[in-house]
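What follows is a single structure, written as structure tokens, with notes after it.
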Amino acid sequence: MTKTNPGRFFGDYTLGQVITHAVPRTLSGGERALYHALYPARHAMASSDEFARSCGLPAAPFDDLAVFHTVFGKSVPDISLNAVANLGYSEGRWLSPVWPGDTLRATSQVIGLRENANGTSGIVWVRTVGRNQHGVDVLSYVRWVMVRKRGTGPAPAPQVPDLAQAVDASNLVLPAGIDFSHYDFAQAGEPHRAADYAVGEVIDHVDAVTIEEAEHMLATRLWQNTAKVHFDVGARPDGRRLIYGGHVMSVARALSFNGLANAQMIVALNGGTHANPCYAGDTVRAWSQVIDKAEVAAPGVAALRLRLVATRGVAGALRGADGKYLPEVLLDLDYWVLMPA
Amino acid sequence: MTKTNPGRFFGDYTLGQVITHAVPRTLSGGERALYHALYPARHAMASSDEFARSCGLPAAPFDDLAVFHTVFGKSVPDISLNAVANLGYSEGRWLSPVWPGDTLRATSQVIGLRENANGTSGIVWVRTVGRNQHGVDVLSYVRWVMVRKRGTGPAPAPQVPDLAQAVDASNLVLPAGIDFSHYDFAQAGEPHRAADYAVGEVIDHVDAVTIEEAEHMLATRLWQNTAKVHFDVGARPDGRRLIYGGHVMSVARALSFNGLANAQMIVALNGGTHANPCYAGDTVRAWSQVIDKAEVAAPGVAALRLRLVATRGVAGALRGADGKYLPEVLLDLDYWVLMPA
Amino acid sequence: MTKTNPGRFFGDYTLGQVITHAVPRTLSGGERALYHALYPARHAMASSDEFARSCGLPAAPFDDLAVFHTVFGKSVPDISLNAVANLGYSEGRWLSPVWPGDTLRATSQVIGLRENANGTSGIVWVRTVGRNQHGVDVLSYVRWVMVRKRGTGPAPAPQVPDLAQAVDASNLVLPAGIDFSHYDFAQAGEPHRAADYAVGEVIDHVDAVTIEEAEHMLATRLWQNTAKVHFDVGARPDGRRLIYGGHVMSVARALSFNGLANAQMIVALNGGTHANPCYAGDTVRAWSQVIDKAEVAAPGVAALRLRLVATRGVAGALRGADGKYLPEVLLDLDYWVLMPA
């Protein structure tokens, strides 16, 4: 009997199935430092214990995307090892901050299945939940992937989950104690409050980063993401290592500091598309558009719904005349952040 | 007088000599995080404080090879700065786990000397011991290196130590408190116990990693290993930076998770050969063979003796018809691990 | 209104102006581990809590240049985003050690302004101060940069600060408790005391490092330095990423261990010139010259004033017949260190 993990194929998933992902992970100041070395991250809340305390938190929490990557990484061997494509995200919510010393584990439940017409693959929807050592949920999100079929068994009854277009602002979970009443704009780096942003406004984040192979592999390993395509030049016919889509997310989010320095915490992931593959040598820039604004029940805090686009091209350009993503667009992310009202 | 360290030559070693290696090192969660960024390490014991506690330890210990590299690195300026080749390892035993906050130092004793027939070099055997800040030995191993002679002095009386072919299972030192009675196979990632492995069984670890210059240099510096050949393109006639052999060890050990996820802790190094040099751009894969099994005196724990091979080629291939290592083989390591019985 | 930071231009600075730099940063064992992975740093004081305690400190402080880079990085968005050149340093003093857990912030005061004759740029002198979470100053230094003018407004009255040629030894600030009476030379790595060095003596540090793009970008991001030229191949006409000058400082300082292992702590920066640009692929070596020696008021401690030169060439060579830096010289640094008397 082979002892290695071949990954699951489409026929291995059943509706309602709960999969326990392996390898719990304790995070420390080491992972935080690496996050700052790998990404040009400058949001003050995740950078400074003092700043976080001035906002009502006990210390600087881990960057929200570091939590996402850690939980996502745990799910890869069970969900996307044989995935043809990572198709989308929905209903993502950060439920409790993660601190140095916390240990994260994850599970996923299959909430949808639909075989493709060609009979060689299918789409699997899972709701993945990350939990800390106290059994408290820290993150929950839905993602769907296209997975190869092994053999030619019968198709399951198609079951497509009914997913929200976006997390409703009333369902956003705020970190306990958060309070922006005494927010220090000088230390945060910019003077703009939520009130200063207009729905529809586009922000060009100006800066750019040219990515190296060593960087994206260090990052992807840090999250214990084992997908071969990121590490092994022999894993794809073109001999190129595909950059983990989450790496592009973090690059873009960090670049967005310049213009959105006060968008301190991500609290929901409404959707996301990895529009085109990213490779080492690409120079990535980012732009954002304000989609919505909402009041939330914490002193001085507001929520902003943002589109964050990572691109090899210019700010503002997203889709061609055919309605498809332009070839230079890498990522189209839709999320809610907390900022001073 | 020159103030820099020229390294020792063959004539500088005398039998019984004890060399104190410089630069004690305090390890923290930072080194642990870097280990996970540099290698695709997933063994749960070194990844999660919670998992380690469920196995009777007070917290997640440092990866055993991180301890090895730290101790080895201290010895490089005194033992292998003028080494022509790192010839072998023997009688290695991990004696006590290392935790974040511990400070390691190291000494080596010369236990063997033999000048080569050509009179221009000789072999030096040393037993290197790493100790923590409490004076407790954490690791002890023998290695032997070929060192250049300076000038043409008389040869010392040849003295070749009598080394064990392998550490006897009765001499394995178990971490205090270790107990696999309540081992969580789902969190560990695989269901296989020691009883599920057969002596002689070969495991192809499937995954592969293409190595970059920045990665192996970051790793080698992290262990304060100063050998010029790893960092300076001018140090070798071919202008290539040689990858530290220990980097290949850690890559292979981390890859071996896939098929040996429950081989949680390395407790002995029976032998090891760096069969061929490894360079950036190489795609490294790994395979293991079960050499032996043994009972040990801890609840639910067994020992497995494994051969771990790192290769640029296929699993299972090791030597050619001439009995020599195949050119694609990088490392042939022989070690004992602890896993659920 | 644009929400991104365009950086300040020459006309935006006024004499006496105090600028609060954004993004406080909490440092941990993670940043310390990364420092050791990025640079071949081996000075025992910053490597080992035990060694630091044997020298009267409570634990291993952060490497002095890590503190410098952190404070410097904070100042980049306000001081040097539109800088044409980083011209010099003066009157730098480390005022209190920084420990894991400390949070640093920084401010700069404009102490000099002089428009260039061409009317398109000017020189700005600032005194930058880093402070910890207790409001204690940890570092203070002067630097001056050439900054572009925007438009053609009138020139301010020229005001050139009167800067010390070097920090006087009587003004060096020693870490509280420092005591080298029981200094362990074997653990530190070399036997040489301050008394063993002669003024004028040149030390070739022998080792060399070939630099990779990923390494200098990881380092520069770690210090939250946002200057585009280090990250974006499109930021300069030649398409090359310029290596942050501070990266070269740290490479050279770490290499200087070999010959100056006991030069444990940098306490003053008298001056420094980034003589030529450094790029990935460069092989950097270092040499030092002893400029001065001084007694200081701590048991067993002396101060050494050193020139540290980073070069792509040979030790000892600095300037050509024309008095200009040779093209292979990268850095000429002048600083005071503490070592056993």
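These protein sequences, in sequence, are chains A, B and C.
Residues 206 to 546 in this note's numbering are what the first sequence spells out, letter by letter.
Residues 206 to 546 in this note's numbering are what the second sequence spells out, letter by letter.
Residues 206 to 546 in this note's numbering are what the third sequence spells out, letter by letter.
In this text, a Cβ means the ideal position worked out from N, Cα and C, and glycines have one as well.
Given the structure is predicted, the values throughout are model-derived calculations rather than measurements.
Among the residues facing chain B, Lys498 (chain A) is not included, as its CB has no counterpart in that chain under 9 Å away. Any Cβ of chain C closer than 9 Å to the Cβ of Pro305 (chain A) would place that residue at the interface, and such an atom is present. For Ser295 (chain A), no Cβ of chain C is located within less than 9 Å of the residue's own Cβ. Under the 10 Å beta carbon count, Thr325 (chain C) is surrounded by fewer than 16 other beta carbons and is classified as exposed. In this structure, Pro245 (chain B) sits away from Ala257 (chain B), with a CB-CB distance that is not shorter than 9 Å.
In the three-state DSSP reduction, Tyr540 (chain B) falls in the strand class (E or B).
Ranked by Cα distance from Ala491 (chain B), the options B:His410, B:Val438, B:Tyr530 are led by B:His410. With contacts defined by Cβ atoms closer than 9 Å, Pro229 (chain A) and Leu309 (chain A) form a contacting pair. For Asn287 (chain B), no Cβ of chain C is located within less than 9 Å of the residue's own Cβ. Under the three-state reduction of DSSP output, Glu406 (chain A) falls in the coil class, being neither helix nor strand. Within chain B, the residues Ala249, Ser252, Ser253, Glu255, Phe256, Gln392 have their CB atoms less than 8 Å from the CB of Pro229 (chain A), given in chain order. Across the set C:Asp307, C:Tyr449, C:Gln429, C:Tyr346, the C-alpha of C:Gln429 shows the shortest separation from the C-alpha of Leu239 (chain A).
Counting C-beta pairs closer than 8 Å gives three or more between the region 470 to 487 of chain B and the region 370 to 381 of chain B, which meets the contact rule. When secondary structure is reduced to three states using DSSP, Glu320 (chain B) falls in the strand class. Three or more beta-carbon pairs separated by less than 8 Å are not found between the region 527 to 536 of chain B and the region 357 to 364 of chain A, which leaves the two stretches without contact.
For Val365 (chain C), the closest of C:Val347, C:Val272, C:Asn467, C:Val542 by C-alpha to C-alpha distance is C:Val347. Apart from the 5 residues on each side of it in sequence, Pro482 (chain B) sits with its Cβ closer than 6 Å to the Cβ of Leu447 in its chain, given in chain order. The shortest CA-to-CA distance from Gly317 (chain C) to any of C:Leu536, C:Thr219, C:Asp384 is the one to C:Thr219. DSSP places Glu500 (chain A) inside the beta strand (DSSP E), whose first and last residues are 488 to 500.
Identification of residues in the region 409 to 421 of chain B having a C-beta nearer than 8 Å to some C-beta of chain A yields Asp409, His410, Val411, Asp412, Ala413, Val414, Thr415, Glu417, Glu418, Ala419, Glu420, given in sequence order.
Taking the C-beta atoms as reference points, Val489 (chain B) is found no nearer than 9 Å to Val434 (chain B). Runs of the alpha helix (DSSP H) lying entirely within the region 236 to 311 of chain B and spanning at least 4 residues, in chain order: 249 to 252, 254 to 259, 269 to 284. Residue contact with chain B for Arg237 (chain C): present (Cβ-Cβ distance below 9 Å to some residue of chain B). Taking a beta-carbon distance threshold of 9 Å, Tyr484 (chain C) does not count as an interface residue toward chain B. With a threshold of 9 Å between beta carbons, Leu423 (chain B) makes contact with chain A. The C-beta of Thr488 (chain A) comes no closer than 9 Å to any C-beta of chain B. For Pro245 (chain C), the neighbours in chain B by C-beta distance under 8 Å run, in chain order, Arg426, Gln429, Thr431, Phe436. Put simply, the backbone Cα of Leu300 (chain B) is about 24 Å away from that of Ser285 (chain B). Listed along chain B, the residues sitting closer than 8 Å to Ser233 (chain A) by beta-carbon distance are Ser233, Gly234, Gly235, Arg237, Ala238, Pro305. Burial is judged here by how many other beta carbons sit within 10 angstroms of a residue's own beta carbon; Ser253 (chain A) has at least 16 and is buried. Put simply, of A:Gly335, A:Gln469, A:Ala393, A:Asp384 the residue whose alpha carbon is nearest the alpha carbon of His226 (chain C) is A:Ala393. Going by beta carbons, Val407 (chain A) and Ser493 (chain A) fall inside the 9 Å limit. The residue from A:Ala413, A:Ala457, A:Glu500, A:Phe385 with its alpha-carbon nearest to that of Arg441 (chain C) is A:Ala413. Counting only the Cα atoms, Asp307 (chain B) lies some 49 Å from Gly525 (chain C).
Within chain A, the C-beta atoms nearer than 9 Å to that of Glu395 (chain B) come from Lys208, Thr209, Asn210, Ala227, in chain order.
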